[in-house]
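Student: Before I ask anything, let me first share the structure, which is written out below as structure tokens.
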Amino acid sequence: MSTRLSFKTKFTYGIGELGTAIPIGLAIFYLLFFLTEVVGLSPKLAGTVLLIGRVWDAVNDPVIGWLSDRTRSRWGRRYPWLVLGALPLGFFTFMLWLVPPLESQTSLFIYYVLMAAGGYTAFSVIILPMVAIATELTPDYDERTGIMSVRSAANIIGSVVGLLLAQIIFALVENTRRQYVILGGVSGSVIVVAIFVCVIGTYGQYRSVMRQQPELSPHPMGRQLRKVFQNRAFRWVMGLYLCSWVGVQVTAAMLPFLVTDWMQLNEQHFTQMAIAVQGSSVVLLPFWLWVTKRTSKQGVYFAGAPLALTGVCFLGLVQPGQIGLMYVSGLVTGAGLSTFYLVPFAMLPDVIDDEELRTGERQEGIFISLMVFLQKVGVAIAIFLSGWLLDWADHIGPDTRLLVIRLIASALPSLLIFGGLYCVYRYPLSRRAHHRIRLQLERDRKQPHS
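For the sequence shown, numbering that gives the first Met the number 0 begins at 0 and goes up steadily by one.
Shown next, in the form of structure tokens:
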């Protein structure tokens with residue numbers, strides 16, 4: 000079994016991640032704006048749609064992760080999920096951006112709740128096995144960081160591609176509703192193709208390593224969840240991921256309102272601002288990977304998080320007319336954002352090794368699903384409250400609305416970044432500690448089972 004991953008494996012895995020990142024990036028940046036400004040839902044109903052969809056999705060995550068760990072087929076544990084989930088995900092992606100011929104707020108609300116729930120469920124069916132595959136392709140510390148950096152880069156590039164795609168469609172098509180229908184159709188088609196490219200390109204490497212996995216425990220899911228929460232390293236990684244990504248996605252959801260309402264610029268500037276953030280993230284990702292190989296995953300986060308903190312603080316202080324400063328704040332935020340993409344999921348395979356050493360069981364699916372579950376619940380609650388705050392501010396006056404937009408986009412993410420710094424400070428698995436874990440696991444696997 001080779002611990003080094005070929006270019007083909009990394010590239011095709013990245014294609015799969017890129018394909019799923021396009022619709023997710025579009026949803027993060029555009030969905031709240033789409034529901035309120037294009038569909039015509041009130042901000043509190045739009046926020047409730049996102050809350051219900053995310054919570055429904057989050058509840059499904061542990062179940063899907065647990066079932067994925069226990070799937071038995073000639074193609075392994077993960078690949079049947081990717082093959083069966085690709086078409087439903089493409090379908091729901093298209094339907095989510097369609098404006099149905101419905102008039103009342105209630106009927107529109109029900110339609111988008113159903114589409115959001117279906118879309119998020121299909122996304123979980125794909126993304127949980129896909130992330131699990133990345134943790135299983137190799138046991139090597141640096142190779143795992145490498146494949147996670149490919150995943151991070153693909154996520155950022157996919158988000159940028161989605162934004163560029165939106166900008167092109169918006170420039171070529173005048174009708175606003177038709178713009179989003181085309182955007183949904185194109186991104187839904189890309190998803191299906193990208194997932195099948197990933198399956199074909201990575202399966203050979205996966206097949207060579209899946210025989211090395213230990214047997215799973217027969218214990219029920221509830222007991223497995225309790226055991227996972229007993230892992231101290233996992234609790235800190237989970238906190239790091241939650242703090243990092245709730246702040247990022249709240250800022251992204253508020254960015255269209257900040258650019259159009261506060262800065263008094265058109266939607267093109269919003270797209271360009273989002274591209275500035277994501278573009279600087281992907282440009283600096285190879286640098287952060289280089290730093291990781293020479294220091295540690297914790298050290299990289301300590302270097303990147305202050306940059307993101309500085310950027311979001313300036314984002315809240317920038318004044319109308321200071322367009323250049325707005326873009327500079329976006330570039331600085333993106334420079335630190337790279338480490339948010341890279342570090343939490345680069346730490347997760349080490350946590351899974353630690354759990355295998357403690358219990359003799361390896362359950363990538365349930366670990367990943369729990370991380371994603373809590374992140375989704377946190378983001379859903381934050382976006383839901385943001386929508387209600389905007390609705391409340393609308394009833395008071397335009398000045399209050401502008402203040403609320405700036406506070407949500409800047410102050411809340413700043414507090415959460417400090418929380419992430421504390422979590423990474425408490426994370427116990429250094430490079431040296433992980434090396435000892437790997438040596439012990441290799442010795443244990445060489446011993447004959449009684």
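Using N, Cα and C, we set each Cβ at its ideal position, and we do this for glycine too. Note that the structure is predicted; figures quoted are calculated from it, not measured.
#1: Taking its Cβ as the centre, do 16 or more other Cβ atoms sit within 10 Å of Val-317, making it buried, or is it exposed?
#2: Near Arg-177, which residues of its chain fall below 8 Å by C-beta distance, leaving aside the five closest residues on each side in sequence?
#3: Should Tyr-426 go down as buried or exposed, given a rule of 16 or more other Cβ atoms within 10 Å for buried?
#4: Under DSSP, the alpha helix (DSSP H) around Trp-55 begins and ends at which residues?
#5: What separation, rounded to the nearest whole angstrom, lies between the Cα atoms of Leu-40 and Val-62?
#6: Where Thr-35 and Thr-47 are concerned, what is the direct C-alpha to C-alpha distance, given to the nearest angstrom?
#7: In three-state terms, what does DSSP make of Pro-479?
#8: Report the three-state DSSP secondary structure of Ile-365 (helix, strand or coil).
#9: For the pair the region 19-35 and the region 43-57, tell me if three or more CB-CB distances fall below 8 Å.
#10: Do you know how far the Cα of Gly-320 is from the Cα of Ala-392?
#11: Counting beta carbon pairs with one atom in the region 283-294 and one in the region 399-410, are three or more of them shorter than 8 Å?
#12: Could you say if the region 169-183 and the region 366-380 meet the contact criterion of at least three C-beta pairs nearer than 8 Å?
#13: Closest to Val-462 by C-alpha separation, out of Arg-231, Leu-284, Arg-225 and Leu-314, would be which residue?
#14: State buried or exposed for Lys-7, treating a residue as buried only when at least 16 other CB atoms are found within 10 Å of its CB.
#15: Report yes if the C-beta distance between Phe-344 and Arg-150 is below 8 Å; otherwise report no.
#16: Taking only the alpha-carbon atoms, compute the straight-line gap between Asp-56 and Gly-323 and give it to the nearest angstrom.
#17: Going straight from the alpha carbon of Gly-203 to that of Leu-83, what length do you get?
#18: If you drop the 5 nearest sequence neighbours on each side, which residues of the same chain put their C-beta closer than 7 Å to that of Pro-213?
#19: Spatial neighbours of Val-258 within its chain, please: C-beta separation below 7 Å, excluding the five flanking residues on both sides.
#20: Is Asp-139 helix, strand or coil by DSSP?
#21: When DSSP labels each residue in this structure, what does Pro-22 get in the three-state scheme?
#22: If contact is defined by three or more beta carbon pairs under 8 Å, each pair taking one atom from either stretch, is the region 335-342 in contact with the region 148-168?
#23: Return the first residue and the last residue of the alpha helix (DSSP H) that Ile-27 is part of.
#24: When you compare the CB positions of Gly-310 and Gly-335, do they come within less than 8 Å of one another, or not?
#25: For Arg-437, which three-state DSSP category applies?
#26: Tell me whether Ser-385 sits in a helix, a strand or coil according to DSSP, three-state version.
#27: Inspect the beta-carbon positions of Leu-97 and Val-180 and report whether they are closer than 8 Å.
#28: Would you grab the beta carbon distance between Asn-154 and Asp-353 for me? Rounded to a whole angstrom, and I think it's under 8 Å.
#29: Quick one, are the C-beta atoms of Ser-295 and Gly-419 less than 8 Å apart?
#30: Evaluate Thr-105 with the Cβ neighbour count: other Cβ atoms within 10 Å of its Cβ, from every protein chain shown; 16 or more gives buried, anything less gives exposed.
#31: With DSSP collapsed to three states, give me the class of Leu-330.
#32: How is Pro-427 classed by DSSP in three states: helix, strand or coil?
#33: Taking the runs of the alpha helix (DSSP H) that are 4 residues or longer, which of them lie wholly in the region 141-198?
#34: Where Leu-415 and Val-245 are concerned, what is the direct C-alpha to C-alpha distance, given to the nearest angstrom?
Tutor: The short version:
#1: Around the beta carbon of Val-317, 16 or more other beta carbons lie within 10 angstroms, which makes this residue buried.
#2: Same-chain partners within the cutoff: there are none.
#3: With 16 or more other Cβ atoms within 10 Å, it is buried.
#4: 42-69 is the span of the alpha helix (DSSP H), which, as asked, contains Trp-55.
#5: Taking the Cα positions, Leu-40 is about 32 Å away from Val-62.
#6: In this structure, the straight-line span from the alpha carbon of Thr-35 to that of Thr-47 is close to 12 Å.
#7: Lying outside 0 to 449, the shown extent of the chain, residue 479 is not represented and no answer is given.
#8: Taken through DSSP and simplified to helix, strand or coil, Ile-365 comes out as helix.
#9: With three or more CB-CB distances shorter than 8 Å, the region 19-35 counts as touching the region 43-57.
#10: For Ala-392 and Gly-320, the distance between alpha carbons rounds to 23 Å.
#11: Verdict: no, contact absent.
#12: They do not touch, by the three-pair rule.
#13: No answer is possible for residue 462: the residues shown for the chain start at 0 and end at 449.
#14: Under the 10 Å beta carbon count, Lys-7 is surrounded by fewer than 16 other beta carbons and is classified as exposed.
#15: Yes, the pair counts as a contact, with Cβ atoms nearer than the cut-off.
#16: The alpha-carbon separation between Asp-56 and Gly-323 amounts to approximately 39 Å.
#17: Cα-Cα distance, rounded: 19 Å.
#18: In this predicted model, Pro-213 has a pLDDT of only 49, less than 50, meaning its place in the structure is not dependable; the value taken from the coordinates is given anyway. Cβ within range, chain order: Glu-355, Gly-359, Glu-360 and Arg-361.
#19: For Val-258, where only same-chain residues beyond five positions count, the Cβ hits under 7 Å are Leu-264, His-268, Phe-269 and Met-272.
#20: DSSP places Asp-139 in the coil class of the three-state scheme, outside both helix and strand.
#21: Of the three classes helix, strand and coil, the one that applies to Pro-22 here is helix, per DSSP.
#22: Of all C-beta pairs linking the region 148-168 to the region 335-342, three or more are shorter than 8 Å, placing the two stretches in contact.
#23: Element bounds for Ile-27: n/a, residue is neither H nor E.
#24: Yes.
#25: Helix at Arg-437.
#26: Ser-385: helix per DSSP, three-state reduction.
#27: Contact: yes.
#28: Asn-154 to Asp-353, Cβ: 25 Å. No contact.
#29: Taking 8 Å as the Cβ cut-off, Ser-295 and Gly-419 do not qualify as a contacting pair.
#30: With fewer than 16 Cβ atoms within 10 Å of its Cβ, Thr-105 is classed as exposed.
#31: Correct three-state label for Leu-330: helix.
#32: DSSP, read as helix, strand or coil, puts Pro-427 in coil.
#33: DSSP assignment within the region 141-198 yields no whole alpha helix (DSSP H) run of 4 residues or more.
#34: When only Cα atoms are considered, Leu-415 and Val-245 end up about 8 Å apart.
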